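If you want the numbering used here, it's the position in the sequence shown, counting the first as 1, plus 93.
Right, one structure below, let's go through it.
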Amino acid sequence: MSEESPAKRKGIPHETVIGLEIHVQLKTASKMFCGCRVAFAAPPNTLVCPVCLGLPGALPVVNERAVELAVRAAVALGCTVHPRSAFARKNYFYPDLPKGYQITQYDRPLATDGSLDAPAEGGGAPPVRIRRLHVEEDSGKSLHDRFPETTAIDLNRAGVPLVEIVTEPDLHSPAHARAFLVRLKQTLEYLEVSDCNMEEGSLRVDANVSVRRPGSHELATKTEVKNMNSFSQLSKALAFEASRQVDLLEGGGAVEHETMLWDPVRGATRPMRGKEEAHDYRYFPEPDLPTLVLPEALIDTVTDGLPELPWEKIRRFVQTYGLREYDAGVLSADRRLAAFFEATAEATPDPKTAANWVMGEMLAISNELGQHVAELGIEPVELGRLIDRVETGALSHTLGKQVLRRMIETGKPADAVIDEEGLSLVSDSDQIDEWVGEAIRENPAEVERYRDGEEKLLAFFIGQVMRKSRGKADPERVRDRLARALATD
Ligand SMILES: [Zn+2]
Numbered sequence: 094m095s096e097e098s099p100a101k102r103k104g105i106p107h108e109t110v111i112g113l114e115i116h117v118q119l120k121t122a123s124k125m126f127c128g129c130r131v132a133f134a135a136p137p138n139t140l141v142c143p144v145c146l147g148l149p150g151a152l153p154v155v156n157e158r159a160v161e162l163a164v165r166a167a168v169a170l171g172c173t174v175h176p177r178s179a180f181a182r183k184n185y186f187y188p189d190l191p192k193g194y195q196i197t198q199y200d201r202p203l204a205t206d207g208s209l210d211a212p213a214e215g216g217g218a219p220p221v222r223i224r225r226l227h228v229e230e231d232s233g234k235s236l237h238d239r240f241p242e243t244t245a246i247d248l249n250r251a252g253v254p255l256v257e258i259v260t261e262p263d264l265h266s267p268a269h270a271r272a273f274l275v276r277l278k279q280t281l282e283y284l285e286v287s288d289c290n291m292e293e294g295s296l297r298v299d300a301n302v303s304v305r306r307p308g309s310h311e312l313a314t315k316t317e318v319k320n321m322n323s324f325s326q327l328s329k330a331l332a333f334e335a336s337r338q339v340d341l342l343e344g345g346g347a348v349e350h351e352t353m354l355w356d357p358v359r360g361a362t363r364p365m366r367g368k369e370e371a372h373d374y375r376y377f378p379e380p381d382l383p384t385l386v387l388p389e390a391l392i393d394t395v396t397d398g399l400p401e402l403p404w405e406k407i408r409r410f411v412q413t414y415g416l417r418e419y420d421a422g423v424l425s426a427d428r429r430l431a432a433f434f435e436a437t438a439e440a441t442p443d444p445k446t447a448a449n450w451v452m453g454e455m456l457a458i459s460n461e462l463g464q465h466v467a468e469l470g471i472e473p474v475e476l477g478r479l480i481d482r483v484e485t486g487a488l489s490h491t492l493g494k495q496v497l498r499r500m501i502e503t504g505k506p507a508d509a510v511i512d513e514e515g516l517s518l519v520s521d522s523d524q525i526d527e528w529v530g531e532a533i534r535e536n537p538a539e540v541e542r543y544r545d546g547e548e549k550l551l552a553f554f555i556g557q558v559m560r561k562s563r564g565k566a567d568p569e570r571v572r573d574r575l576a577r578a579l580a581t582d
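Structure below.
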């Protein structure tokens with residue numbers, strides 16, 4: 094990540110101030126206030142009922158599982174979870190909002206005052222404060238591409254459970270905002286409260302952006318930026334918007350308080366509509382739902398049941414396995430990768446070697462094939478056995494990598510691949526001498542230079558022999574036999 098603050102890039106003394114609002118879809122089987130199933134890409138308007146359609150007389154009932162997941166997120170983010178919170182109606186008119194209001198939480202949210210440490214480039218940034226975390230329901234979806242010149246409405250998503258997480262404006266560059274979001278997403282995935290799939294809309298981010306002179310604490314006019322659907326779009330949109338505001342101010346203009354839509358095709362933000370003030374929504378307490386009361390036992394159970402969180406795992410990997418912090422971070426990117434690494438480390442004498450194989454060859458293959466390391470069909474104990482063959486000298490590192498790829502292609506264990514394909518290291522001196530002889534015969538000029546004192550050419554000859562053996566010759570023995578053969582006529 095090399096994005097600088099755009100203000101800094103332009104050489105103009107402004108700093109960027111960013112706060113994020115993140116909507117996260119909770120991983121529940123059913124909706125927030127009714128029994129309708131939650132599923133992505135179901136045929137439009139098939140997952141609906143009188144409650145989520147807002148038909149007269151239908152009454153909402155709170156999904157307890159959704160509340161429990163929200164509490165889990167709140168506790169992990171260090172928030173104060175309020176034993177009593179309340180639902181409110183946020184009123185607005187939009188075609189995809191069948192009731193004419195959204196049930197959310199307003200002045201009495203589920204949780205407040207948390208924080209999350211988001212290591213920024215260069216470090217040193219204090220933890221990002223989380224202002225609030227509350228539960229609410231999603232709206233439906235307008236489909237603009239189904240019918241020509243007509244907008245269609247799909248209400249399958251209406252009523253799907255969400256948490257909204259609001260940060261304080263503690264982020265000071267697009268890179269920092271991105272680092273925060275990466276860590277937040279990772280944390281929510283560890284907690285298994287959401288699948289955080291940005292393409293499917295289960296993690297959506299809006300940002301409040303303003304710029305000000307460094308050291309100034311006055312609140313500058315901010316804009317809200319929407320429609321950033323990936324990490325890279327987030328970085329680009331924030332950089333563009335901050336830069337646009339600096340240009341406006343430097344040109345003697347003023348920033349308007351408005352909502353900006355990021356257009357990824359043009360690579361620019363454009364005004365969407367005047368920002369609704371809070372009172373425009375005419376919030377009032379939801380009359381159909383009682384106060385949300387959380388038994389103390391629930392908060393305790395959730396707290397006790399929290400999994401090891403990303404930063405805890407990183408710390409443990411550094412302490413237990415002696416890994417560098419960066420490597421521990423790579424291996425803790427998600428729980429499955431971390432579990433795969435740990436199982437491999439247990440199957441080998443040296444955890445650092447296990448870390449190198451998982452971070453190197455396994456992640457490379459995973460990227461090539463677009464499959465998670467845990468889905469490549471390699472058991473950690475088999476990877477451990479392969480590493481052992483390399484470490485004890487039965488295979489060169491190059492051969493080991495070949496064996497690994499064949500293991501993935503064939504699904505066979507390491508030793509079977511080595512036996513069947515004759516991939517074990519050739520240490521047979523006669524065979525090696527034959528390759529050595531060929532290499533010497535084929536390169537008379539180099540032989541002469543070597544004998545005239547150009548000893549670094551030994552590496553050239555080793556390369557020639559290794560190529561003839563297709564990586565199977567024992568490199569130590571090759572060096573030995575070559576040095577001997579080159580020294581004598
Ligand atoms: Zn429903």
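The beta-carbon is built from N, C-alpha and C at its ideal position, and this holds for glycine as well.
Bear in mind the structure is a predicted one, so any value in this text is a computation, not a measurement.
Counting only runs of 3+ residues fully inside the region 485-561, write out the beta strand (DSSP E) ranges in chain order. Entirely contained in the region 485-561, not one beta strand (DSSP E) run reaches 3 residues.
If you reduce the DSSP assignment to three classes, tell me which class residue 153 lands in. Here residue 153 refers to the residue found at position 60 of the sequence shown. Residue 153: coil per DSSP, three-state reduction.
Consider the C-beta atom of residue 144 and the heavy atoms of ligand 1; say whether any pair is separated by less than 6 Å. Within the sequence shown, numbered from 1, the residue matching residue 144 stands at position 51. Checking every heavy atom of ligand 1 against the Cβ of residue 144, one is found closer than 6 Å.
For residue 333, the nearest candidate out of 218, 304, 296 and 383 (CA to CA): For this step, residue 333 is matched to residue 240 along the sequence shown. Nearest C-alpha to residue 333 among 218, 304, 296 and 383: 304.
Just the C-alpha distance for residue 368 and residue 128, rounded to the nearest angstrom, thanks. Indexing the sequence shown from 1 puts residue 368 at position 275. Indexing the sequence shown from 1 puts residue 128 at position 35. Residue placement at residue 368 is flagged as unreliable, the pLDDT there being 48, under the threshold of 50; the coordinate-derived value follows with that caveat. The C-alpha of residue 368 lies about 34 Å from the C-alpha of residue 128.
For the 8 Å Cβ check, are there 3 or more pairs between the region 248-267 and the region 120-140? These segments touch.
Ends of the beta strand (DSSP E) at residue 234? Taking the sequence shown and counting its residues from 1, one reaches residue 234 at position 141. For residue 234, the enclosing beta strand (DSSP E) stretches over residues 234-240.
What residues in its chain sit with their C-beta under 6 Å from that of residue 554, if we drop five residues either side in the sequence? By one-based count along the sequence shown, residue 554 stands at place 461. Close CB contacts of residue 554 within its chain, under the 6 Å cut and outside five residues either way in sequence, are with 532 and 575 (chain order).
DSSP beta-bridge partners of residue 473: For this step, residue 473 is matched to residue 380 along the sequence shown. In the DSSP output, where bridge partners are listed per residue, residue 473 has none listed.
Once the 5 residues before and after residue 580 are set aside, which same chain residues still bring their CB inside 6 Å of it? In the sequence shown, residue 580 corresponds to position 487, counting from 1. Within the same chain, residue 580 has no close Cβ partners at all.
Since I believe residue 495 is in contact with residue 564 (beta carbons under 8 Å), could you give me their beta-carbon distance rounded to a whole number of angstroms? Indexing the sequence shown from 1 puts residue 564 at position 471. Indexing the sequence shown from 1 puts residue 495 at position 402. About 7 Å separates the two Cβ atoms, so the contact holds.
With a threshold of 6 Å, establish whether the CB of residue 129 neighbours any heavy atom of ligand 1. Your numbering for residue 129 matches position 36 in the sequence shown. Residue 129 Cβ: within cutoff of ligand 1.
Please return the same chain residues whose Cβ sits closer than 6 Å to the Cβ of residue 395, not counting the five positions on each side in sequence. What you label residue 395 is simply residue 302 of the sequence shown in a count that begins at 1. These residues qualify, in order along the chain: 164, 165 and 168.
I'd like the span of the alpha helix (DSSP H) that includes residue 195, first residue to last. Translated into positions along the sequence shown, residue 195 becomes position 102. For residue 195, no alpha helix (DSSP H) run applies; the uninterrupted beta strand (DSSP E) run containing it begins and ends at 194-197, by DSSP.
Distance, residue 160 Cα to residue 182 Cα: Reading the sequence shown from its first residue, position 89 is the one you call residue 182. Reading the sequence shown from its first residue, position 67 is the one you call residue 160. The alpha-carbon atoms of residue 182 and residue 160 are separated by roughly 18 Å.
Ranges of the alpha helix (DSSP H) found wholly within the region 376-404, counting only runs of at least 4: Here the runs fully enclosed are 389-397.
Residue 151 vs residue 143 beta-carbon contact at 7 Å: The count along the sequence shown starts at 1 and reaches residue 151 at position 58. The count along the sequence shown starts at 1 and reaches residue 143 at position 50. Contact: yes.
In the DSSP assignment, the alpha helix (DSSP H) including residue 209 goes from what residue to what residue? Here residue 209 is taken as the residue at index 116 of the sequence shown, counted from 1. Per DSSP, residue 209 lies in no alpha helix (DSSP H); the unbroken beta strand (DSSP E) holding it starts and ends at 204-209.
Quick one: using the 10 Å Cβ neighbour count with 16 as the cut-off for buried, is residue 566 buried or exposed? As a working note, residue 566 is residue 473 in the sequence shown. With 16 or more other Cβ atoms within 10 Å, it is buried.
Are the beta-carbon atoms belonging to residue 440 and residue 483 less than 7 Å from one another? Taking the sequence shown and counting its residues from 1, the one referred to as residue 440 is at position 347. Taking the sequence shown and counting its residues from 1, the one referred to as residue 483 is at position 390. No.
Please report the residue range of the alpha helix (DSSP H) in which residue 356 lies. Locating residue 356 in the sequence shown gives position 263, counting from the first residue. Unbroken run through residue 356 is the beta strand (DSSP E), 351-356; no alpha helix (DSSP H).
In the structure shown, what three-state DSSP assignment does residue 130 receive? Counted from its first residue, the sequence shown places residue 130 at position 37. In the three-state DSSP reduction, residue 130 falls in the strand class (E or B).
List the whole-angstrom C-beta distance separating residue 319 from residue 299, where the pair is believed to meet the contact cut-off of C-beta under 8 Å. What you label residue 319 is simply residue 226 of the sequence shown in a count that begins at 1. What you label residue 299 is simply residue 206 of the sequence shown in a count that begins at 1. Confirmed, about 5 Å.
Determine whether the beta carbon atoms of residue 118 and residue 255 lie at a separation below 7 Å. Along the sequence shown, one-based indexing puts residue 118 at 25. Along the sequence shown, one-based indexing puts residue 255 at 162. Yes; because the gap between Cβ atoms is below 7 Å, this pair is in contact.
Is residue 276 closer than 7 Å to residue 211 when the C-beta atoms are compared? As a working mapping, residue 211 is identified with position 118 in the sequence shown. As a working mapping, residue 276 is identified with position 183 in the sequence shown. Yes.
Range covered by the alpha helix (DSSP H) that runs through residue 299: Your numbering for residue 299 matches position 206 in the sequence shown. Not the alpha helix (DSSP H): residue 299 falls in the beta strand (DSSP E), residues 296-305.
Do three or more CB pairs link the region 190-199 to the region 412-419 at distances below 8 Å? The region 190-199 vs the region 412-419: no contact.
Go ahead and label residue 571 buried or exposed: buried means 16 or more other beta carbons lie within 10 angstroms of its beta carbon, across all protein chains shown. Mapped onto the sequence shown, residue 571 falls at position 478. Around the Cβ of residue 571, a 10 Å sphere holds 16 or more other Cβ atoms; the residue is buried.
Proximal residues to residue 371 (C-beta, below 6 Å), its chain only, five neighbours per side dropped: Position 278 of the sequence shown, counted from the start, is the residue given in the question as residue 371. Residue placement at residue 371 is poorly supported in this model, since its pLDDT is 49, which falls under 50; the coordinates are not used for a value here.
Report all residues from its chain with a CB closer than 7 Å to the CB of residue 235; omit the five preceding and five following residues, and keep chain order. Counted from its first residue, the sequence shown places residue 235 at position 142. Within the same chain, residue 235 has close Cβ partners 188, 189, 244 and 246.
Distance, Cα to Cα, residue 289 vs residue 324? What you label residue 289 is simply residue 196 of the sequence shown in a count that begins at 1. What you label residue 324 is simply residue 231 of the sequence shown in a count that begins at 1. About 12 Å.
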